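Engineer:
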Amino acid sequence: MNGPIAEVVFDIPLHRAFAYLVPPAVSVARGQRVRAPLQGRARVGMVVDLREGDATGLLAIQSVSEPVPIFSRAALELTRWVADESLSSWGSTALALLPPLPARGAAETLAPPPEGRPAAGAPPELWMAARRADRLVDLLAREPSPALVIAPDIESAARWARRLDAARLDSGIPGVERRAAWFAASRGRARIVVGTRSALLTPLPPPAMLVLLDEHDTAHKPPGAPRLHTRDVLLRRAALEGSRLLLLSATPSVESWWRAEDRQIRASQPEPGPWPEVLTADTRGVLRNHPLTLPLTRAIEELSRRGRQVALVITRGAAALACDECGSVLRCPECGVALALSRAERTLSCRVCARGEPLPEGCPCCGGHRLSPLGWGAERVEAAVRRRFPRLSVSRSDPGANVVVGTAALLGRLGPGSVGCVGFVDVDGLLRVPDFRAGERAFEILWTAAERVGGAGRIIVQTRHPQHYAIRAVREQDRAAFYKNEMRFRAELGYPPFRRLCVVSTRDVRPGGGQALIGECAERLRGLPDVTVYGAVRQSPAAVARARWRAVIKGPPDLPRLLDAPLRPFLERRRRGSAVVEVEMDPVSLS
DNA sequence: AGCACGCCGACT
DNA sequence: GTCGGCGTGCTC
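Residue numbers (the numbering used here): 13 to 603.
1. Residue 543 by DSSP, collapsed to three states: which one?
2. So, for residue 250: in the same chain, excluding its five sequence neighbours on each side, which residues have a beta-carbon less than 8 Å away from its beta-carbon?
3. With a threshold of 16 other CB atoms inside 10 Å of the CB of residue 140, please say whether the residue is buried or exposed.
4. Would DSSP call residue 362 helix, strand or coil?
5. If you draw a straight line from the C-alpha of residue 381 to the C-alpha of residue 332, how long is it?
6. For the candidate residues 80, 218, 517 and 30, whose alpha-carbon lies nearest to that of residue 583?
7. Are the CB atoms of residue 106 and residue 122 nearer to each other than 9 Å?
8. So, are the CB atoms of residue 293 and residue 303 less than 9 Å apart?
9. To which residues of the same chain is residue 348 closer than 6 Å at the C-beta, ignoring the five residues directly before and after it?
10. Whole angstroms are fine: how far does the CA of residue 540 sit from the CA of residue 574?
11. What are the residues that DSSP puts in a beta bridge with residue 475?
12. Locate the beta strand (DSSP E) running through residue 567, then write down its first and last residues.
13. List the residues that DSSP assigns as beta-bridge partners of residue 436.
14. Exposed or buried, which one is residue 58 when buried takes at least 16 other CB atoms within 10 Å?
15. Spell out a yes or no on whether the region 169 to 182 and the region 310 to 318 are touching, meaning 3 or more CB-CB pairs, one atom from each, closer than 8 Å.
16. According to DSSP, simplified to helix, strand and coil, what is residue 342?
17. Report the residue from 468, 512, 31 and 67 whose alpha carbon sits nearest the alpha carbon of residue 14.
18. State buried or exposed for residue 158, treating a residue as buried only when at least 16 other CB atoms are found within 10 Å of its CB.
19. Is the region 279 to 295 touching the region 178 to 198, taking contact as three or more C-beta pairs under 8 Å?
20. Determine the direct distance from the alpha carbon of residue 515 to that of residue 508, and round the result to whole angstroms.
21. Determine whether the beta carbon atoms of residue 485 and residue 455 lie at a separation below 9 Å.
22. Whole angstroms are fine: how far does the CA of residue 487 sit from the CA of residue 465?
23. Does the Cβ of residue 414 have 16 or more other Cβ atoms within 10 Å, making it buried, or fewer, making it exposed?
24. For residue 374, which residues in the same chain have their Cβ closer than 7 Å to its Cβ, ignoring the five residues on either side in sequence?
25. Do you know offhand how far residue 165's Cα is from residue 354's?
26. Return the residue from the list 534, 532 and 97 that minimises the CA-CA distance to residue 244.
27. For residue 358, count the other beta carbons within 10 Å of its own beta carbon; 16 or more makes it buried, fewer makes it exposed. Which is it?
28. Let me make sure I understand the geometry here. Which of 79, 73, 50 and 95 has the alpha-carbon closest to that of residue 580?
29. What number of angstroms, rounded off, separates the C-alpha of residue 62 from the C-alpha of residue 565?
30. Helix, strand or coil, according to DSSP, for residue 497 in the structure here?
31. Is it buried or exposed, residue 591, if we count other Cβ atoms within 10 angstroms and call 16 or more buried?
32. Alpha carbon to alpha carbon, how far is residue 226 from residue 144?
33. Between which two residues does the beta strand (DSSP E) containing residue 596 stretch?
34. Leaving out five residues before and five after residue 544 in sequence, what residues of the same chain have Cβ atoms less than 6 Å from its Cβ?
35. Confirm, please, whether the CB-CB distance from residue 25 to residue 81 is below 9 Å.
36. Report all residues from its chain with a CB closer than 8 Å to the CB of residue 7; omit the five preceding and five following residues, and keep chain order.
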């Protein structure tokens, strides 16, 4: 019995499509959302292909979710690419990039997405200069072409939508409005739309402009589908449809800087502008019974006399060890990341290769006897400042206090121009985060603070590494110096952007199960060409205490292709007894 | 014999 | 992800 057959993918971890008969009363196209029976109940899926064939024994599509396709052919292909790149299923990827389903009986004006021809466009642009946000607002006001602006989170999307007087596509607004904005953009009726990653594939009539705010922000890759960095999806989208793409960040990811050097992205080096004085306060050899060094104490004194605010940035619990004498951090000799301290087990272990070591007696560098793991918590800093400056208002929550204490996120909440000095109580806490991106993150936070306080302000960095290249680059307002050093480190030890990473992890409520499973995964991957598997070492039964196991995999740029076949059984059947497998391509964090 | 639970494969 | 089939093993 021949008839029209639709291939449909669903939000399940299976990559394969399911075939259904298209009944005569229903008309469907590729890229259309439909309801179809799966395991006896109706579920929403995406039509990825249509063909004529023998429909004997096939179940029928029940209905369409909307009367028109919601993805263009190009967008649908893009979801497939994202799924393949991230080792996730086509269905879960595609369905995560769509607006909510319509409310029952809602009246809507819908149109199919524009089917643009692939066009050769200009290369993406990296905007790093100060006042890049103002420049963007100006550009969007001048430019007549439709624009999609992607923000790292809902709050940022809301702010930008207000600033640009644009429709919102993020999940911070009611589903009806999101849908309306999606289809308005699709029909060319909303010139500027603002959203988060769920809005990445919003159709726009060409020639369109795509904008990524805070390109470096790891919030652009939260857990869950679509499991690829928003930057990478936009780069691909822009290339496929020939759209102009703007990446905004004062401190771009090393990946994007590298692409700029490789001429895949256009970047102009901004002229140096007004810049604060960046002072380092060396804490080596200083007995640290107080969180404030003399330079920072003086700055608080002086600034408060002049009626200016001081922000003190603290670092949350650093789980690594550093020598009090020479300042060196205990690092894995093979992987270069700080060794993570487990106080309970009194061991140090590497987050990348899983190498474990007992706590050393002294510093391997200088033989010093004091190795200190402690950072300064917000409470301790707040109390210490109060004691020293009883007349000043000191707060962790009031952004108007004379002295405000908080983590790096605090900097974003303070009004521009109000802060005269930012003091980093323990920047080493950032540098010794057991993650290869620790330096990049420290650089980003310091640079942001410097931009924030501006030319009349001051930055004071308390550190045992006053010569660290991240601090030096911020002091000199010299981005290139930072990236040069950082890329050398990444190249030497084989980290992104030179090699790609994948993390396979297992969990089990019962001891031993997770270990057996991660061992099984690692076994399948060993011996692949140009692929290194770290960790997942089978340990003696005595060491079996944790419920979580992890293997870090390093490989060439086509790592997802290499891992697809051997990991397929684990990706498609994540639960093995009480143990669960998770696979994360291109992790934004290893801690 | 009858039922609970957990493992495992199938899902069009 | 979610469902149900079926085997193991316990209970009435």
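Backbone N, C-alpha and C define an ideal beta-carbon position, used for all residues, glycine too. Here the structure is a predicted model, which means the values were calculated and not measured.
Structural biologist: Put simply:
1. Annotated three-state conformation of residue 543 is coil, per DSSP.
2. Hits under 8 Å: 133, 136, 222, 256 and 257.
3. With 16 or more Cβ atoms within 10 Å of its Cβ, residue 140 is classed as buried.
4. Residue state, collapsed to three classes: coil.
5. Near 16 Å, if we compare the C-alpha coordinates of residue 332 and residue 381.
6. For the set 80, 218, 517 and 30, the Cα lying nearest the Cα of residue 583 is the one of 517.
7. It is not a contact, given that the beta carbons lie outside the stated cut-off.
8. No; because the gap between Cβ atoms is not below 9 Å, this pair is not in contact.
9. Once the five neighbours on either side are set aside, the close Cβ partners of residue 348 are 505.
10. Looking at the two C-alpha atoms, the distance is approximately 7 Å.
11. Among the bridge pairs identified by DSSP, residue 475 is matched with 294.
12. Note, residue 567: beta strand (DSSP E), 560 to 567.
13. Looking at the DSSP assignment, residue 436 forms a beta bridge with 325 and 473.
14. When all chains shown are included, residue 58 counts as buried.
15. The region 169 to 182 and the region 310 to 318 do not touch, with fewer than 3 CB-CB distances between them shorter than 8 Å.
16. Shown here, residue 342 sits in coil according to DSSP, grouped into three states, outside any helix or strand.
17. Looking at the Cα atoms, 67 is the closest of the given residues.
18. That one is buried.
19. The region 279 to 295 vs the region 178 to 198: no contact.
20. About 13 Å.
21. A distance below 9 Å separates the beta carbons of residue 485 and residue 455.
22. One Cα belongs to residue 465, the other to residue 487, and the distance between them is close to 13 Å.
23. So residue 414 counts as buried.
24. So the list reads 380 and 381, once near-sequence residues are dropped.
25. Roughly 33 Å separates the two Cα atoms.
26. Of the candidates 534, 532 and 97, the one whose C-alpha sits nearest the C-alpha of residue 244 is 97.
27. Residue 358 is exposed by the Cβ-count criterion.
28. Comparing Cα positions, the closest option is 95.
29. If you take the alpha carbons of residue 62 and residue 565, they lie about 38 Å apart.
30. Residue 497: helix per DSSP, three-state reduction.
31. Burial check for residue 591: the Cβ neighbour count within 10 Å reaches 16 or more, so the residue is buried.
32. Approximately 11 Å, taken between the alpha carbons.
33. Note, residue 596: beta strand (DSSP E), 591 to 597.
34. So the qualifying residues of the chain are 566.
35. Taking a C-beta distance under 9 Å as the contact criterion, residue 81 and residue 25 do not qualify as a contact pair.
36. Because the chain spans 13 through 603 in this model, residue 7 falls outside it and cannot be assessed.
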